[in-house]
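Colleague:
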Amino acid sequence: MKKFSLGNLLVQLFLGLVAISAVVPVLWTLINSFKYRVDIVTDTPKFFFTPTLDNYIYILGRESLVGGVVNSLTIVGTSVLVGALLGLPAAYALARYPMRWAKDIEFFVLSIRFLPPVAVAIPLMVIWLGMDMYDTRTSLIVTYTLLTLATTIWLSIPAFKAVPPEVEEAAFVDGYGPYAVFFKVALPIAIKSLVGALAFSFVLVWNEFLIALMLTTSDAKTLPIVASELSQLGRDVPWGILNASVILLSLPPMLMIGILSKFLNSALKKKRDQE
Amino acid sequence: MYHKTKLPAVFVGPTMFIMAVLAFVPTLFAIFISLQDRELGNPDISFVWFANFIHLFSDRRFLNSIQVSLIWEVVTVVSTMVFAILVGILMFHSASTRWKNWLSILFIMPVLLPRVSAAFVWKFAFHPLFGLLTYPYKVITGQPLDLLSEPSLALMSVALVDVWQWGLFFSVIVLKLMETLSTRPFEAARIDHAKPWEVYWYVAIPMLKAPLISLTFVKMIESLRAFDLIYVMTRGGPGIATETLDMYAFSQGFIESGKISYASSMAVLMMVATTVAFTYIWKWTQK
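This is the structure we're talking about:
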């Protein structure tokens, strides 16, 4: 089947091209983040240049960007944590216990994803303004917790279902109570997939833009907002700095690529094992 | 064992209560605001009932934004699925295991990028003077190519970025789904001298019908989130050529006039339309 043929060669070439298109735009941004402005603003793309760390030194010394990083880390970190604390037990109960409204609850959790972000952001802006909490980290954490809860529950239910029921039953027989079974048996066994689910919810809120744009103006601005403001600067666009801040913004999701691709593999493999 | 305990109530109850509050307070409040005439910085508020909604249907910019949103939805969903199935099958058919593993990692990368980053990366690639993508055109014709300022091309150029993110990601999922299929029907078809494309078209794709429909559903939901790309790349322009519903609601509520109630009435319409449509589709896929 794998013998040499013209058709196969063309397919390989095509896949190679697709792979290049997947990587090159990002790689080019990475390269440009190490260039002086004169090397970016050229008639012909420049592949050889004197690299510089100036762009990174500049952004790491700039208050607005550092503030964005701190805000993003606090807001995203807290909402993922709260999402896990409240979401994981709920997902376990939904996966294991027969419940009258289980289907409806699952649908409600999924339907959070249908909500257009504008439809949430506009009323929340009025509400937070009224409570004098507009543009605070707390207001954004509370808002994001809805998103992290929905994602965590939705992705953790299959992870808990994959824990063999026999193991839990054996623990019950050994005299464990239902809470001990959750904390000492189900949670440790499912932990690998659960980390993947939490990583997904982290990436989702780290990347979130529209809600943060509407609910913050200065104090609580997250990194995507700060980065997008740089790109809207007038004629003298500081291209190098902009490239560097885009790389900084993209770094956390990229670091999780290993965890997430493993999570994806195991989620799709389970399907095969069930059949 | 799973019966004589209050654990489900303890674990699910408070979480669902919090989620219900977080979800229903804003959505109900959105409906409430949409019946008023609130404006930012104006303390006088009164009820105008359905005036905002009635006004919407004579607002040409609103009708334009519905059209743009629908085009966006159809173009991105269809291209993503076609691209993903094509590339997924090609990977399955002719890539070695090592090459497949490499491609899988590379193809997941774009979707994990923050939309703001993806938008910027491509905005720069499309830059008429310094862009990597427009460079060949500039060399050949001697003219700069400004894709994002051309009304007929701008929306498609932004859609390309969306398909770049989701099409590549879904192609990996299609590949993994293909790998879960039993090989027997393939061998049977091959013994019957079916050509490779016939095997995939008549055997593999029908076998994957259910997961492919679910993927399409996911993409339909994700395509609603066009705002980030459009905000960074075109801001709805040139003119209103790429102004989607959420972009228009945002500019009515925030940039141009601060008409919070008017913007909210658009958001409410969007919310009702998507909830009805997706509930219906969800029930249909569950059958």
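Protein chains in written order, with this note's numbering: chain S, 6 to 280; chain Z, -3 to 283.
Yeah, the Cβ is synthetic: ideal placement off N, Cα and C, and Gly gets one too.
Which word fits Ser34 (chain Z), buried or exposed, when buried means at least 16 other C-beta atoms lie within 10 angstroms of its C-beta?
Modeller: Per the sequence presented here, residue 34 (chain Z) reads as Arg, with Ser not at that position. With 16 or more other Cβ atoms within 10 Å, it is buried.
Colleague: Given that Glu92 (chain S) touches chain Z, what residues does it touch there, using C-beta distances under 8 Å?
Modeller: Glu is not the amino acid found at residue 92 (chain S); the sequence shown has Gly there. In chain order: Thr11.
Colleague: So for Gln282 (chain Z), helix, strand or coil by DSSP?
Modeller: helix
Colleague: In its own chain, which residues sit with a C-beta less than 7 Å from the C-beta of Phe103 (chain Z), not counting the 5 before and 5 after it?
Modeller: Leu164, Phe165, Ser167 and Val168
Colleague: Say whether chain S places a C-beta atom closer than 9 Å to the C-beta of Thr176 (chain Z).
Modeller: yes
Colleague: Compare the C-alpha of Ser261 (chain Z) against each of Z:Ala121, Z:Val107 and Z:Ala47 and name the closest.
Modeller: Residue nearest to Ser261 (chain Z) within the set Z:Ala121, Z:Val107 and Z:Ala47 is Z:Ala47 (criterion: CA-CA distance).
Colleague: Name, please, each residue of chain Z whose Cβ falls closer than 9 Å to the Cβ of Met104 (chain S).
Modeller: At a beta-carbon threshold of 9 Å, the residues of chain Z lying near Met104 (chain S) are Pro4 and Val8, ordered along the chain.
Colleague: Would you mind giving the Cβ-Cβ distance between Thr271 (chain Z) and Phe119 (chain S), rounded to the nearest angstrom? I have them listed as a contact below 8 Å.
Modeller: Right, the Cβ-Cβ distance comes to about 6 Å (below 8 Å), so this counts as a contact.
Colleague: For a test of the three-state rule: what should DSSP assign to Asn38 (chain Z), helix, strand or coil?
Modeller: strand
Colleague: Confirm, please, whether the CB-CB distance from Ile27 (chain Z) to Val195 (chain Z) is below 9 Å.
Modeller: no
Colleague: For Leu93 (chain S), does the count of other Cβ atoms within 10 angstroms reach 16, so buried, or fall short, so exposed?
Modeller: buried
Colleague: Classify Phe43 (chain Z) as helix, strand or coil using the three-state DSSP reduction.
Modeller: Here Phe43 (chain Z) sits in strand by DSSP.
Colleague: Between the C-alpha atoms of Asp55 (chain Z) and Ile277 (chain Z), what's the straight-line distance to the nearest angstrom?
Modeller: 30 Å
Colleague: Using beta-carbon positions only, say whether Ile36 (chain S) and Ile246 (chain S) come within less than 9 Å of one another.
Modeller: No; because the gap between Cβ atoms is not below 9 Å, this pair is not in contact.
Colleague: Verify the CB distance criterion: does Asp48 (chain S) have a CB-CB separation below 9 Å to chain Z?
Modeller: yes
Colleague: Does the CB of Ser266 (chain S) have a neighbour CB from chain Z at under 9 Å?
Modeller: yes
Colleague: Going by DSSP, what residues sit across from Gln32 (chain Z) in a beta bridge?
Modeller: Z:Phe43
Colleague: Using only the alpha-carbon positions, how far apart do Lys166 (chain S) and Pro257 (chain S) sit?
Modeller: The alpha-carbon atoms of Lys166 (chain S) and Pro257 (chain S) are separated by roughly 29 Å.
Colleague: Look at Leu109 (chain Z) and Ser255 (chain S) and say whether their C-beta atoms are less than 9 Å apart.
Modeller: yes
Colleague: What residue does the alpha helix (DSSP H) around Glu171 (chain S) start on, and which one ends it?
Modeller: Pro170 to Val178
Colleague: Which two residues bound the contiguous alpha helix (DSSP H) that contains Ser153 (chain Z)?
Modeller: Pro147 to Thr176
Colleague: In this structure, does DSSP put Trp244 (chain S) in helix, strand or coil?
Modeller: helix
Colleague: So which of S:Ile80, S:Leu115 and S:Val168 has the shortest CA-CA distance to Ala272 (chain S)?
Modeller: Of S:Ile80, S:Leu115 and S:Val168, the residue nearest in Cα terms is S:Val168.
Colleague: Can you tell me whether DSSP reads Phe294 (chain S) as helix, strand or coil?
Modeller: Outside the modelled stretch of chain S, which goes from 6 to 280, sits residue 294 (chain S), for which no answer is possible.
Colleague: Three or more C-beta pairs closer than 8 Å, one from the region 6 to 14 of chain Z and one from the region 134 to 152 of chain Z: is that the case here?
Modeller: In the pairwise beta carbon analysis, the region 6 to 14 of chain Z is classified as not touching the region 134 to 152 of chain Z: fewer than three pairs are separated by under 8 Å.
Colleague: If we ignore side chains and look at the alpha-carbon of each, how far apart do Val59 (chain S) and Val43 (chain S) end up?
Modeller: This sequence places Asp at residue 59 (chain S); Val is not what is there. About 13 Å.
Colleague: Rounded to whole angstroms, what is the Cα-Cα separation between Ala100 (chain S) and Thr275 (chain Z)?
Modeller: 22 Å
Colleague: For Ile209 (chain Z) and chain S, any beta-carbon pair shorter than 9 Å?
Modeller: no
Colleague: Between the Cα of Ile230 (chain S) and those of S:Val71, S:Phe207, S:Pro183 and S:Leu160, spot the shortest distance and give me the residue it belongs to.
Modeller: S:Val71
Colleague: Please check if any C-beta of chain S sits within less than 9 Å of the C-beta of Tyr133 (chain Z).
Modeller: no
Colleague: Counting only C-beta atoms, is Tyr139 (chain S) closer than 9 Å to chain Z at any point?
Modeller: For Tyr139 (chain S), no Cβ of chain Z is located within less than 9 Å of the residue's own Cβ.
Colleague: So, do the region 180 to 187 of chain S and the region 113 to 128 of chain S have three or more beta carbon pairs nearer to each other than 8 Å?
Modeller: no
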